[in-house]
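Working notes for the structure below.
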Amino acid sequence: MSESIIQLRGIAKVYRVGVETIHALRGVDLDIGRNEMVAIMGSSGSGKSTLMNMLGCLDRPTSGEYMLGGRLVSAMKTDELALIRNEEIGFVFQSFELLARQTALENVELPLMYSATAGGFRARRERALSALQRVGLGNRVDHRPNQLSGGQKQRVAIARAILNNPKILMADEPTGNLDSATTAEILALFTRIYREGQTIIIVTHENDVAAHCQRVVRLRDGRILSDLSAEEDFEVSPYVEEARATQRRRAAAEEAAA
Amino acid sequence: MSNASAPSRKGAKGEGRGLTIFFFLKAIGMALSQIWANKTRSFLTALGIIVGVASVTAVIAALTGLKAKVLSEFESVGAARLYVFPNRPDNVPRAKFPWEKCRLKVSEAQAIMDQCPSIKGISPIVDLPMSVESDTELIDGMTVNGIWPAWHDAVGRKVMRGRPFSQIDIDTARQVALVNEAAVTELKIDTDGNGGLGEHILLGGRRFLVVGVVETTQAKMLGMNSSEAEIFIPFSVAEKLLDGWYFMQFAAIATSPETAEEAKAEVEYVMRRQRGLQPDDPDTFRVAALDQYINQFKSLASGVTAIAGGIVGISLLVGGIGIMNIMLVSVSERTREIGLRKAVGATSAAILLQFLLEAVTLTVLGGIAGLVIGKLMAVSLTYIPGANLEQADVPAWAVILSIVFSAGVGVAFGMFPAYKASRLDPIEALRHE
Ligand SMILES: Nc1ncnc2c1ncn2[C@@H]1O[C@H](COP(=O)(O)OP(=O)(O)O)[C@@H](O)[C@H]1O
Ligand SMILES: [Mg+2]
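Line order of the protein sequences matches chains X and W. The opening position of the first sequence corresponds to residue 1 in the working numbering, with each subsequent residue numbered one higher. The opening position of the second sequence corresponds to residue 1001 in the working numbering, with each subsequent residue numbered one higher.
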């Protein structure tokens, strides 16, 4: 197996709300290797978002160590984390987070605004263009978000996330706002980017989404409940019965239609 | 793939971290699109600054025009001129400096002429109220001035027709007179088409020959309006007619405008010595140079400028509060955007700078709009007839100052909202709404 680019050791996150202490994460150990595609699953409140924010360097753990690409990011200062986010991490959000008044190309270019090493005007333009082409939107460069469909918006967001060839691409419920056909389209895009060598982490509660990943990490109450390959996970999944039932219904419906 | 090269590449990328020209271009571009997208709101917000800058620009333009006009008028009078007046010092016993000790004497004029190297010419001027008679007219209480030939130079009034006084006129106390155009008209002495020359007039019962007509003074600024009739006679003649009380002053001219200051000091020195004043005695005379009036006017003008500055300060303050308000609204409306920007790598400093630039862009645009309006007002001022503002113009320093002040307001009042934006936690911000 390839070497780990992510190493979490005893990561804990404690929130204090008034007199109450909330243990969002209670000692998470996790290794993720180069070019893996991992789903993080779990019920609401299990700590998925907290873990995601930690992995994406938006937040720092209360205790524990986080090594990203051999560097101890859990000890870094706010501005150093901003630099890491700019260069090593790409985010995809459930609600796209595109700037309404900017074109697709300008939206994709956004991270370069905060980069001192992205080269000249031409280089920046070309990089954003090639990212848009990679997600199949080379013909929508000058469209604004309100001229794009939901799936296209998410493609723009993905182009923005992969612009800097990040070490990890993080997606938080990336298909949460999309219909099933568009979901399939976006998942196919993630799979293609993964095949091109990208490491991807997707937070989701949908088994369909997890099924596209190679590995599924399940959380419960701030701890890792299971960490299995997608096939193994499918067998032991508490949702497996439900998933099989759905499959059977779908097959029956197709038969009836035929 | 290449494990060894990966860290070094990232290491190199980390160097030279800072905000680039691209950041500034993008930030200003985004500010402009933000302002354009909220046209009405932006305009209303910037209105305070537009009005403030426009009004101060117009006031400064008007003052600049007035100043240019007044100074050129002073210039035509001549900055090399000096006047000496008797002056009884304040705050000293009346007995110590009685009027007789203060009033000027001809010997003092002579001493100034002889001893002040920077004085080119001097003339005593003495006023004698007299009755004046021509063949047909009789005017009582007309002012007749006794002068020396240097008077023409000293006050800058030439003889238009005929001749000036000569030294012989003075030395031999000839009964000759110079008049001005108004006197010719009032006395109706232009009988033979000679413009009054060669006519005789009676001054206090004595017969005088009119030998010349002097030009009417342009020095209206100093209240020497000479639309009235004036008659001049040799000082030596006037001296004989003087009784107990008389008023005398000196008019002098320095060798050049540059030496006027020096000439003034020399005159003061000579006068004090002539009068035997002790070092701690006050002056019993006063020397006035034209640059004093110029300075007085200049300080008046800068006083008005300062008041205008105060007014603009208040409107900029009001405008600034509007800017702060609108920027706070903008920050709260764009909380998610700020979260996103931080997520893709914006540092707090970058966010702070970005929002400051937005506020500054807004205020500078307001300042520029104000300048344009002020300039238009200045141009229209020049068309007001009789307002003496033909030279009204917006000076370069006012343009620069307006822009700098507008930008300053943007920085001062945009700082708090920008700081608020920069402190937002990206996770919280992305969860906003
Ligand atoms: N900023 C916060 N302040 C206080 N408690 C928080 C905060 N963020 C998350 N939590 C708590 O931490 C726990 C884990 O939350 P989260 O990571 O959002 O779970 P998930 O994304 O799996 O729903 C929850 O109990 C949540 O209420
Ligand atoms: Mg969550």
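Positions of the beta carbon are idealized from the N, C-alpha and C atoms, including for glycine.
Nearest-angstrom Cα distance between residue i and residue j?
i, j, result
"T1305 of chain W", "G1313 of chain W", "12 Å"
"T183 of chain X", "G151 of chain X", "8 Å"
"G1198 of chain W", "D1135 of chain W", "13 Å"
"K153 of chain X", "I201 of chain X", "20 Å"
"V1179 of chain W", "I1060 of chain W", "43 Å"
"R1334 of chain W", "L1401 of chain W", "32 Å"
"P61 of chain X", "K77 of chain X", "12 Å"
"L169 of chain X", "F96 of chain X", "14 Å"
"W1036 of chain W", "G70 of chain X", "46 Å"
"H212 of chain X", "L187 of chain X", "7 Å"
"I1253 of chain W", "L1128 of chain W", "23 Å"
"P1257 of chain W", "A1263 of chain W", "10 Å"
"V1372 of chain W", "D1280 of chain W", "57 Å"
"Q1296 of chain W", "T1064 of chain W", "15 Å"
"A1095 of chain W", "G1146 of chain W", "30 Å"
"S74 of chain X", "G1408 of chain W", "40 Å"
"A1219 of chain W", "Q1034 of chain W", "Note on A1219 of chain W: pLDDT 45, under 50, position unreliable in the model; no value is reported."
"R218 of chain X", "L30 of chain X", "11 Å"
"S1166 of chain W", "S1299 of chain W", "42 Å"
"I11 of chain X", "V209 of chain X", "26 Å"
"F1405 of chain W", "P1385 of chain W", "33 Å"
Does the separation of the CB atoms of residue i and residue j fall below 9 Å?
i, j, result
"P1234 of chain W", "D1169 of chain W", "yes"
"V1126 of chain W", "M1160 of chain W", "no"
"G1303 of chain W", "V1051 of chain W", "no"
"A1260 of chain W", "A1080 of chain W", "yes"
"T1057 of chain W", "K1375 of chain W", "yes"
"E1100 of chain W", "Q1274 of chain W", "no"
"Q247 of chain X", "A230 of chain X", "no"
"A159 of chain X", "A131 of chain X", "yes"
"E3 of chain X", "G33 of chain X", "yes"
"V203 of chain X", "M41 of chain X", "yes"
"G1351 of chain W", "L58 of chain X", "Just to set this straight, residue 1351 of chain W is Ile in the shown sequence, not Gly. Not a contact, by the Cβ cut-off of 9 Å."
"A171 of chain X", "L137 of chain X", "no"
"V1344 of chain W", "N86 of chain X", "yes"
"G1062 of chain W", "E1358 of chain W", "Residue identity check: residue 1062 of chain W is Ala in the sequence provided, not Gly. Going by C-beta atoms, A1062 of chain W is not nearer than 9 Å to E1358 of chain W."
"A1369 of chain W", "V1053 of chain W", "yes"
"I1231 of chain W", "T1143 of chain W", "yes"
"V1287 of chain W", "V1084 of chain W", "yes"
"A181 of chain X", "G90 of chain X", "no"
Quick check on DSSP: helix, strand or coil for residue i?
i, result
"M170 of chain X", "strand"
"G1374 of chain W", "helix"
"Y15 of chain X", "strand"
"E1118 of chain W", "As written in the sequence, residue 1118 of chain W is Ser, which differs from the Glu given in the question. S1118 of chain W: coil per DSSP, three-state reduction."
"A1183 of chain W", "helix"
"H143 of chain X", "coil"
"T1191 of chain W", "coil"
"F96 of chain X", "coil"
"E20 of chain X", "strand"
"N1145 of chain W", "strand"
"M215 of chain X", "Position check: residue 215 of chain X holds Arg in this sequence, whereas Met was assumed. Looking at R215 of chain X - three-state DSSP - the assignment turns out to be strand."
"E1133 of chain W", "strand"
"E1199 of chain W", "coil"
"F1097 of chain W", "coil"
"A1173 of chain W", "coil"
"G120 of chain X", "coil"
When you measure from the CB of residue i to every non-hydrogen atom of ligand 3, does any distance come out below 8 Å?
i, result
"K48 of chain X", "Ligand 3 is absent from the structure shown, which contains only ligand 1 and ligand 2."
Just the chain W side, please: which residues come within less than 9 Å of residue i by C-beta, in chain order?
i, result
"E97 of chain X", "R1336, E1337, G1339, L1340, A1343, L1430"
"R124 of chain X", "F1022"
Starting from residue i, find everything on chain X with Cβ-Cβ shorter than 7 Å and list it in chain order.
i, result
"I1427 of chain W", "N53, L58, D59"
"T1020 of chain W", "A116"
List, in order along the chain, the chain B residues whose C-beta lies closer than 8 Å to that of residue i?
i, result
"P111 of chain X", "Here chain B cannot be found, since the structure's protein chains are X and W."
What in chain W is Cβ-close to residue i, meaning under 7 Å?
i, result
"D79 of chain X", "T1347"
"N86 of chain X", "V1344, G1345"
"R155 of chain X", "Simply none; closest approach about 17 Å."
By the criterion of Cβ-Cβ separation under 8 Å, what are the contact partners of residue i in chain X?
i, result
"F954 of chain W", "Outside the modelled stretch of chain W, which goes from 1001 to 1433, sits residue 954 of chain W, for which no answer is possible."
contact_flag[the segment 1326–1339 of chain W, the segment 1378–1385 of chain W] where n(CB pairs < 8 Å) is 3 or more: no
Could you tell me whether the segment 1421–1433 of chain W touches the segment 1391–1403 of chain W, using the rule of 3 or more Cβ pairs below 8 Å? no
Is the segment 28–44 of chain X in contact with the segment 177–197 of chain X, if contact means three or more CB pairs nearer than 8 Å? yes
Can we say the segment 1353–1366 of chain W touches the segment 114–130 of chain X, given the rule of at least three CB pairs closer than 8 Å? no
Three or more beta-carbon pairs under 8 Å between the segment 44–55 of chain X and the segment 1398–1414 of chain W, yes or no? no
Does the segment 1109–1119 of chain W come within contact of the segment 1266–1281 of chain W, defined as at least 3 CB pairs closer than 8 Å? yes
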